[in-house]
Each structure stands twice: as structure tokens, then as C-alpha cells.
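Input: a single structure, listed below in C-alpha cells.
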Amino acid sequence: MSKKSIRKTFLPILEFMEVKPGMRFADVGAGSGTFTVMMASLMDSATVYIQDIDRQVLNEENVEKMVDFYSQQGSENLRDKVQFHLIIGDTIHSNLPDSTLDLIYTNATIHVFNQPDAMFQDLHKKLKHGGRIFIRDSFKNDHGAGEFCSDPTCAKPLLSIADFLSLMQKNGFKLLKQSSDMSGYPVFGFTQSD
1 MSKKSIRKTF LPILEFMEVK PGMRFADVGA GSGTFTVMMA SLMDSATVYI
51 QDIDRQVLNE ENVEKMVDFY SQQGSENLRD KVQFHLIIGD TIHSNLPDST
101 LDLIYTNATI HVFNQPDAMF QDLHKKLKHG GRIFIRDSFK NDHGAGEFCS
151 DPTCAKPLLS IADFLSLMQK NGFKLLKQSS DMSGYPVFGF TQSD
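The opening position of the sequence shown corresponds to residue 1 in UniProt numbering, with each subsequent residue numbered one higher.
Given below as C-alpha cells:
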């Protein structure tokens, strides 16, 4: 993807999340980290944690190749402005550092959490005081989505927006802002309620 396409695709979400220089940012359920590296190419002085549960999908060699590729797309080496950390978690532990993150982002991931309460309780602990979590996903019967994930390899049931908001509140988050359509999906931003 070209630098221009990356800006067009990812700058609106970064602006919506109010990403600022020096932030500690985590992408939870990042898969291979491709989108995370693209987003990081638009950040300054950031520490970026790329987190997933699949070691075969998220591996250092592939991330290094992506960082090299996107460094060549721009005018500077990404490693000079972004510090990358790869984190392998499990279904209830992100393995991210406690009380460290300014911002957690997750895209098309929450509907695959087997134990969403446990995972959100874990993520709550990873945010520093005043930290925020932004969630972009499909929701049941929203924007033409059905009741299940449209990816045939997943096909997990989707949460309704009301059930999702209740889940977040139950796990110590309060809604800060939302966008009903960010590249086809709603985005919800939360902070810790306690």
C-alpha cells in the first residue's frame, strides 16, 4: 500500500483516537501486524505493541520485513521514530505490560474473544491512568451485518451494540466517544471508569 493510501485509510482512525507523539500504543489481535505497521508509519516518537495469540501469524521476521518495506515508502526509517514490541498472549491474557499504555486499539477482534470478560479485565489493567481503548468491529444487525461474523473461517456470533456497551461497562470502562461509520464499521472509544 502506498504512503498516500495508508494516510487515506488510517489517518482518520488515528485522528479519531487522538494519537499524539510519544504515546504507548497497542494493537490487540493484530494478526500479522501489517495494519499496525502501516498505522505506526503515521506516528511520531511512539512505542507500539503488536499483540496477537498466534505465533505463526505474528512473527518477528515478517514484522521486520514490513518495517523495512514501509521505511522505504517514506522518507525516514520507521525504527528511528517508532519502537516496536511483539507480544504473544493467550485467550484471556494479553501479556502486555501493566499500567503502561496510553491507547489500546482492536480491530475486528472482540467477537472472537472466547472469554470477553477476562480479556477486558486484563486490558483494563494494561492502561495507565487516563488511558483509552478504541474498538472497531462488526456488531449484530448493524451496517448490514447479520448475526454472525461474515468471515467463513470465523463465523462466530456477533454482539449487539447494547450487549457490547453493557460488557464494557461491567468491566470498568465508560464510553467517551463513538463514530457510527469508520471505513464501514463503528468505532467506540472508552476510558477506565474507576
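Where a beta carbon is used, it is the ideal one built from N, C-alpha and C, also for glycine.
It should be emphasised that the depicted structure is a prediction, and the values quoted were computed from it without experimental measurement.
Q. Quick one: Cα of Gly22 to Cα of Lys177, how far?
A. 22 Å
Q. Considering only residues of the same chain and omitting the five flanking positions on each side of Gly140, which have a CB-CB separation below 7 Å?
A. The residue asked about is misnamed: residue 140 is Lys in this sequence, not Gly. Hits under 7 Å: Glu147, Leu158, Leu159 and Ser160.
Q. Does the Cβ-Cβ distance between Val67 and Val37 come in under 8 Å?
A. yes
Q: Can you check the segment 100-161 for any alpha helix (DSSP H) of at least 4 residues that lies completely inside it and give the ranges in chain order?
A: 116-126
Q: Would you be able to state if there are at least three C-beta pairs under 8 Å between the segment 122-138 and the segment 95-108?
A: yes
**Q.** C-beta contact flag for Leu58 and Leu78 at 8 Å
**A.** no
Q) By the 10 Å Cβ neighbour count, where 16 or more other Cβ atoms means buried, how is Ala155 classified, buried or exposed? A) exposed
Q. Alpha carbon to alpha carbon, how far is Gln73 from Ser193?
A. 40 Å
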